[in-house]
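The block underneath contains the structure these notes are about, expressed in structure tokens.
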Amino acid sequence: TIVHLKNYEKEYRRTLLFTDLDLNFHYSFITFLQNKQRLALNTIGGYVKNIKLFAREYQKRGGEINRYTLTTDFYLPKEETKAVYLNDAELKKIYQHQCSTERFKKVRDWCIIGCYTGLRVSDWKQIKNIENGLITIKTQKTGKSVVIPVHPYVQEIIKNGMPELLSDVEFNRVIKEVC
506 TIVHLKNYEK EYRRTLLFTD LDLNFHYSFI TFLQNKQRLA LNTIGGYVKN IKLFAREYQK
566 RGGEINRYTL TTDFYLPKEE TKAVYLNDAE LKKIYQHQCS TERFKKVRDW CIIGCYTGLR
626 VSDWKQIKNI ENGLITIKTQ KTGKSVVIPV HPYVQEIIKN GMPELLSDVE FNRVIKEVC
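Position 140 of the sequence shown, counting from 1, maps to 645 under the working numbering, and the rest follow consecutively.
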């Protein structure tokens with residue numbers, strides 16, 4: 506949220522104060538995030554929610570905020586989303602696909618590992634402790650420890666070691682070509 510607020514300040518050459526967070530700012534910030542930053546409405550809603558949270562906390566500590574910031578008019582944008590997932594047949598097809606390059610093979614393998622473990626890309630580098638058919642890691646986002654059964658496809662992929670790690674940007678770009 507802070508990064509996007511700083512980008513907004515830079516774009517509009519202004520320094521924001523809590524008293525500046527009125528309905529004009531609200532509209533302008535949402536438009537900026539949609540058009541300049543190319544963000545989805547639900548993501549933007551999360552940032553607006555954080556701004557309201559920061560403002561509420563600032564006010565609790567005696568700071569002055571704009572009276573509109575905590576009203577329902579300073580709404581959280583959102584939209585309905587569809588749950589998109591791969592079924593077993595599609596995952597099997599991806600797993601069995603003969604990749605034309607090593608890069609595609611790495612991405613395919615990480616796709617299968619990600620789908621069958623449910624882990625975020627940020628947690629993939631932590632997959633090291635595999636015992637008795639179980640992966641045990643502490644997730645980066647939540648800090649919680651999880652134990653995940655190893656699917657036979659994942660077992661086959663990692664039997665000779667984990668595939669080389671990729672960045673989430675690289676993975677997301679290449680997976681579209683692989684699929």
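Idealized CB from N, CA, C, for every residue including glycine. Treat the numbers as computed from the prediction; the structure is a model and nothing was measured.
Residues that residue i bridges to, as DSSP identifies them
{"i": "Thr641", "result": "Val652"}
{"i": "Ile635", "result": "Ile640"}
For residue j and residue i, believed in contact at Cβ under 8 Å, the rounded distance
{"i": "Leu671", "j": "Val612", "result": "7 Å"}
{"i": "Ile642", "j": "Gln631", "result": "4 Å"}
{"i": "Val679", "j": "Phe609", "result": "7 Å"}
{"i": "His509", "j": "Tyr552", "result": "6 Å"}
{"i": "Arg625", "j": "Lys598", "result": "Contact flag wrong, Cβ pair sits at about 24 Å."}
Neighbourhood of residue i by C-beta, 8 Å cutoff - its chain only, sequence neighbours within 5 removed
{"i": "Leu575", "result": "Lys557, Ala560, Arg561 and Gln564"}
{"i": "Leu639", "result": "Val652, Ile653, Pro654 and Val655"}
{"i": "Glu516", "result": "Phe537 and Lys541"}
{"i": "Ile662", "result": "Asp614, Ile617, Ile618 and Pro668"}
{"i": "Tyr573", "result": "Leu526, Asp527, Leu528, His531 and Phe579"}
{"i": "Asn555", "result": "Thr506"}
{"i": "Leu521", "result": "Leu510, Tyr513, Glu514 and Phe530"}
Residues of its chain near residue i, where Cβ-Cβ distance is below 7 Å and the 5 sequence neighbours each way are ignored
{"i": "Asp546", "result": "Looking at the sequence provided, one finds Leu at residue 546 rather than Asp. So the qualifying residues of the chain are Pro582, Lys583 and Glu584."}
{"i": "Asp578", "result": "Leu528"}
{"i": "Gly568", "result": "Phe523"}
{"i": "Thr606", "result": "none"}
{"i": "Cys620", "result": "Leu591 and Leu596"}
{"i": "Lys633", "result": "none"}
Close beta carbons around residue i, own chain, < 6 Å, minus the five adjacent residues each side
{"i": "Gly550", "result": "Leu581, Pro582 and Lys583"}
{"i": "Cys604", "result": "Lys610 and Arg613"}
{"i": "Tyr600", "result": "Ile617 and Tyr658"}
{"i": "Thr622", "result": "Ile653"}
Any non-hydrogen atom of the ligand GTP within 8 Å of residue i CB
{"i": "Asp628", "result": "This structure lacks the ligand GTP; in fact it carries no ligand of any kind."}
TODO: Within the stretch 530 to 569, note down every full alpha helix (DSSP H) run reaching 4 residues or more, in order along the chain.
DONE: 546 to 565
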